[in-house]
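Residue numbers (my numbering), protein chains in the order written: chain A, 1 to 143; chain B, 1 to 173. C-beta: ideal position from N, C-alpha, C; glycine also. These figures come from a predicted structure and were not determined experimentally.
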């Protein structure tokens, strides 16, 4: 399937792309556009104004994708708290990791293009997810 | 006090000729229900926007400020209102300076409040000062996020909070 989002990726869009590829559509192919009008007709848009998979009722797009595809894995929702705070900074969650993640992704976006960003951030989110998965199994922070 | 500071400080460092770009959000929300109006107002406050007139706000343009106002525009639409996002250039440099100075004065006042509280807590030294420190650090971070034209009070507030940290450490030792 084809998926489209705004060019100039940052935390919410890289996290969504990872989530989609890993839990929704393994064959996902991503296109980056500058304007909502450029979304190809066969692509599902995300994290863009006025589309379903976007910010809604205070949720960031990552949370919206989790809800839409009924992904109930608690570790994913832990990642969602971090992505939410990194993206929205509205203090809905206490997620001290958010600031670090925001800086890392922002820095990467200064030295790499969008397609490369997806390749680089994929393993980062894999690791973050694995960490949160182990933490929820152990009931404490893994060492 | 406020007027004095406004007059004597070199408020804004901006290029003299070219005006920068700003992102504008024009919006209208139904009077009732009041909850969405309040939510939008809170978000605008958190973003540190310049209120131009009722229902028209501005931020200096970058990818982040633009995105923030675009999401807010969607919030307004979802709440049954109308909204438009514009990219604009102030007609004159003076107009831009006034906008920036207004924003700067607003955050300067918030930084001064942090400085005053930090100094009071350092002098007081009660066990509650530790909680005050944590709260002031968070507050400082919040102000920094909406600080688009940093005033000198920013550094003052940072130093006051660092001094409080040092004072608490000394007392604990």
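Supposed close pair residue i, residue j - CB separation, criterion 8 Å
i	j	result
residue 85 of chain A	residue 75 of chain A	With a Cβ gap of about 17 Å, residue 85 of chain A and residue 75 of chain A do not count as contacting.
residue 111 of chain B	residue 67 of chain B	With 8 Å as the limit, residue 111 of chain B and residue 67 of chain B do not qualify as a contact, their Cβ atoms being about 25 Å apart.
residue 147 of chain B	residue 48 of chain B	7 Å
residue 132 of chain B	residue 117 of chain B	7 Å
residue 72 of chain B	residue 25 of chain B	6 Å
residue 102 of chain A	residue 60 of chain A	Wrong, their Cβ atoms sit about 12 Å apart, outside the cutoff.
residue 123 of chain A	residue 134 of chain A	Between residue 134 of chain A and residue 123 of chain A the Cβ distance is about 16 Å, and since that is not below 8 Å, they are no contact.
residue 95 of chain A	residue 81 of chain A	5 Å
Residue interval of the beta strand (DSSP E) (run including residue i)
i	result
residue 33 of chain A	29 to 33
residue 88 of chain B	82 to 88
residue 145 of chain A	Limits of chain A in this structure are 1 at one end and 143 at the other, which puts residue 145 of chain A out of reach.
residue 27 of chain B	22 to 28
Beta carbon of residue i nearer than 8 Å to that of residue j
i	j	result
residue 60 of chain B	residue 84 of chain B	no
residue 79 of chain A	residue 132 of chain A	yes
residue 4 of chain A	residue 41 of chain A	no
residue 114 of chain A	residue 19 of chain A	no
residue 29 of chain B	residue 58 of chain B	no
residue 62 of chain A	residue 12 of chain A	yes
residue 23 of chain A	residue 71 of chain A	yes
residue 62 of chain B	residue 55 of chain A	no
residue 120 of chain B	residue 167 of chain B	no
residue 2 of chain A	residue 31 of chain A	yes
residue 82 of chain B	residue 27 of chain B	yes
residue 138 of chain B	residue 89 of chain A	no
residue 129 of chain B	residue 157 of chain B	no
residue 138 of chain A	residue 17 of chain A	no
residue 151 of chain A	residue 49 of chain A	No statement about residue 151 of chain A is possible, as the shown extent of chain A runs from 1 to 143 and does not include it.
residue 46 of chain A	residue 65 of chain A	yes
residue 125 of chain B	residue 159 of chain B	no
residue 53 of chain B	residue 76 of chain B	no
residue 108 of chain B	residue 151 of chain B	yes
residue 108 of chain A	residue 120 of chain A	yes
Delimiting residues of the alpha helix (DSSP H) encompassing residue i
i	result
residue 51 of chain B	Element bounds for residue 51 of chain B: not the alpha helix (DSSP H) but the beta strand (DSSP E), 50 to 53.
residue 133 of chain B	129 to 145
residue 105 of chain B	93 to 124
residue 117 of chain A	114 to 138
residue 50 of chain A	Careful: residue 50 of chain A lies outside any alpha helix (DSSP H) and carries neither H nor E.
residue 142 of chain A	Element bounds for residue 142 of chain A: n/a, residue is neither H nor E.
residue 105 of chain A	97 to 111
residue 24 of chain A	Neither: residue 24 of chain A is in no alpha helix (DSSP H) and is coded neither H nor E.
residue 79 of chain A	74 to 88
residue 72 of chain B	63 to 78
residue 19 of chain A	11 to 19
DSSP bridge partner residues for residue i (one or two, in chain order)
i	result
residue 164 of chain B	Looking at the DSSP assignment, residue 164 of chain B forms no beta bridge with any residue, so it has no partner.
residue 59 of chain A	A:56
residue 58 of chain B	B:24, B:50
residue 6 of chain A	A:33
Contact with chain D by residue i, beta-carbon distance below 8 Å
i	result
residue 117 of chain B	The chain inventory of the structure shown lacks chain D, comprising the protein chains A and B.
Any non-hydrogen atom of the ligand ATP closer than 7 Å to residue i Cβ
i	result
residue 46 of chain A	With respect to the ligand ATP, the structure offers nothing, as it holds no ligand at all.
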